[in-house]
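To keep things clear, I will list the structure first and then write my remarks on it.
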Amino acid sequence: FLNDAVNVSMPLSEVFGDIAKRTNGAVSMVFEDAGKLAEMKNEKCAGDVFKKAVDKNLRELYFEADDMDCLYSFAANLDCAYKAQQRDNAQLLLENIRLIQINLNDKALKERRLYNSAGILCGILTCVILF
546 FLNDAVNVSM PLSEVFGDIA KRTNGAVSMV FEDAGKLAEM KNEKCAGDVF
596 KKAVDKNLRE LYFEADDMDC LYSFAANLDC AYKAQQRDNA QLLLENIRLI
646 QINLNDKALK ERRLYNSAGI LCGILTCVIL F
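If you want the numbering used here, it's the position in the sequence shown, counting the first as 1, plus 545.
What follows is the structure, given as structure tokens:
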């Protein structure tokens, strides 16, 4: 998005289509539908186009509330008047996504250690019970 919309100033429908080609799954469907909606120009602003595409594909999206907040904040930031402001907002959103990813990785590491310890303790308990 940063490269296509902010630096190259491509039309929004082409930006969404390009992102849809580079992603897969439900996210790809959201951007593909957003590109189609942007081409039809039925909505009054870009944020409404993206929100409508997200709402259309809501059943295929398995995101938590934080993830949905990121998607909707992305939609809200699409309507900025200045390219520099769009770029800054997109970079803040990317930083937010990175922080969420770091927190999830830390949580997964803690849970992995917990489950490994629980497995070892269950093995020792089984040995004690059998002998």
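Don't be surprised by glycine CBs; every beta carbon is placed ideally from N, CA and C.
I'd like to check one pair, residue 580 with residue 592: are the Cβ atoms closer than 7 Å?
The answer is no: Cβ separation not under 7 Å.
Quick check: what's the CA-CA separation for residue 590 versus residue 639?
22 Å
Measure the CB-CB distance between residue 635 and residue 546 and report whether it falls below 7 Å.
yes
Tell me the rounded alpha-carbon separation between residue 588 and residue 644.
32 Å
Just verifying my parser: in three-state terms, what is the DSSP assignment at residue 602?
Residue 602 carries a coil assignment under DSSP once its states are collapsed to helix, strand and coil.
Could you give the C-beta distance for residue 599 and residue 616, rounded to a whole number, given that I count them as a contact under 8 Å?
5 Å
Spatially closest choice to residue 611 from 649, 568 and 567, by CA coordinates:
Considering only 649, 568 and 567, the residue with the shortest C-alpha distance to residue 611 is 649.
What is the residue span of the alpha helix (DSSP H) that residue 585 lies within?
Unbroken alpha helix (DSSP H) run through residue 585: 570 to 585.
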